[in-house]
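Read through the structure below, which is laid out as structure tokens, and then see the notes.
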DNA sequence: CACGACACCTGCCGGC
DNA sequence: TGCCGGCAGGTGTCGT
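Numbering (my numbering), first residue to last: 485 to 763.
In structure tokens:
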């Protein structure tokens, strides 16, 4: 899926086009992507709603809403799963297969959620309420925020016997990192993905903490990785996949030392790393 | 409690 | 050409 850089790119693309718009028509596709409330109430809540700002939290998108049938503080929550896209389209444009939400706006454009695999999710409600109902998970710290601090990170690693990669992928610890950028950050930090967290030195822990935002910011500058399904807020591909060092390069030479990159399963996910320069 | 295995889906690619 | 297995950027649940 879209990881933090992809979601951030979409949010930045959509923000100026959504803020202040009013929903003129709601159309739903497959009901299983609507996780809260039931599809009828979901559609009714969105009808006539006024859109506010859109923001990112981890891999989630939160769109502020105000409407006649909505309680104050309601948001539309979008998670793209593995194959989801959230794009602006011309209302006259033919509907792509697997379109699960169309919000026609009064500005003559339409917001569309398309997701072939249906691992993505849509929710409507107040975030605190959704969390209380167990519909939204508790998320860990934002790797691009000030709370992603050295002492906290050192403590997290010290307290865990899990592989480093498992910690990076754990959304309750770090929110927004996924399989691509976990591998890239570990490569940049020169640390093996399977390395036990509590066996890292302080310097190694700090190298990884510094590497993650570098990798994520570079990917945002390249507008995200479009390996298969990912598209930005206007339906265009990103370029970040063109400059990945390890992800998807198993069996190819390491750009840093020339060793053959190793492909393995770590924390249940396909993982690529360099046996030559990662320890 | 912490962790791994598996399920949830469709599409695409390579091998036979 | 077609069928089949394997694989994919994520995460929720269940069992050990």
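The C-beta atom is built at its ideal place from N, Cα and C for all residues, glycine as well. Values in this document were obtained by computation on a predicted structure and should not be read as measured data.
(message) Ignoring anything shorter than 4 residues, give me the alpha helix (DSSP H) runs that lie fully in the segment 573–638, in order along the chain.
(response) 611–616
(message) When you compare the segment 663–679 with the segment 745–757, are there three or more beta-carbon pairs, one atom per stretch, that lie closer than 8 Å?
(response) yes
(message) Using only CA atoms, which one of 693, 726, 695 lies nearest to residue 707?
(response) 726
(request) Figure out for me which residue from 626, 601, 634 has the closest Cα to the Cα of residue 656. (result) 626
(request) Below 8 Å on the Cβ atoms is my guess for residue 509 versus residue 588; work out the distance and round it to an integer in Å. (result) 4 Å
(request) State the DSSP-derived secondary structure class of residue 544, mapped to helix, strand or coil. (result) strand
(request) Could you tell me the boundaries of the alpha helix (DSSP H) in which residue 555 lies? (result) Residue 555 -> no alpha helix (DSSP H), and no H or E assigned at all.
(request) Give the straight-line distance between the Cα atoms of residue 619 and residue 538, rounded to the nearest whole angstrom. (result) 19 Å
(message) Looking at residue 717: is its Cβ nearer than 9 Å to the Cβ of residue 497?
(response) yes
(request) Using 10 angstroms around the beta-carbon of residue 635, count the other beta-carbons present and answer buried if the total reaches 16, otherwise exposed. (result) exposed
(request) Sort 658, 511, 703, 501 by Cα distance to residue 489 and report the nearest one. (result) 703
(request) Just the C-alpha distance for residue 695 and residue 670, rounded to the nearest angstrom, thanks. (result) 8 Å
(request) Decide if the segment 642–659 is in contact with the segment 727–737; the criterion is three or more beta carbon pairs, one per stretch, under 8 Å apart. (result) no
(request) Express the C-alpha separation of residue 763 and residue 516 in angstroms, rounding to a whole number. (result) 43 Å
(request) Just confirm the distance between the C-beta atoms of residue 492 and residue 540, as a whole number of angstroms; I'd bet it's less than 8 Å. (result) 5 Å
(message) Quick check on the burial criterion: 16 or more other C-beta atoms within 10 angstroms. Buried or exposed for residue 579?
(response) exposed
(request) Flag this pair as yes or no: are the beta carbons of residue 606 and residue 572 separated by less than 9 Å? (result) no
(message) Going by DSSP in three states, residue 529 sits in which element: helix, strand or coil?
(response) helix
(message) So, at 8 Å on beta carbons, what are the nonlocal neighbours of residue 544 in its own chain, with the 5 sequence-adjacent residues on each side left out?
(response) 491, 561, 562, 563, 620, 623
(message) Can you tell me whether residue 698 is buried or exposed? The criterion is at least 16 other CB atoms within 10 Å of its CB, across all chains shown.
(response) exposed
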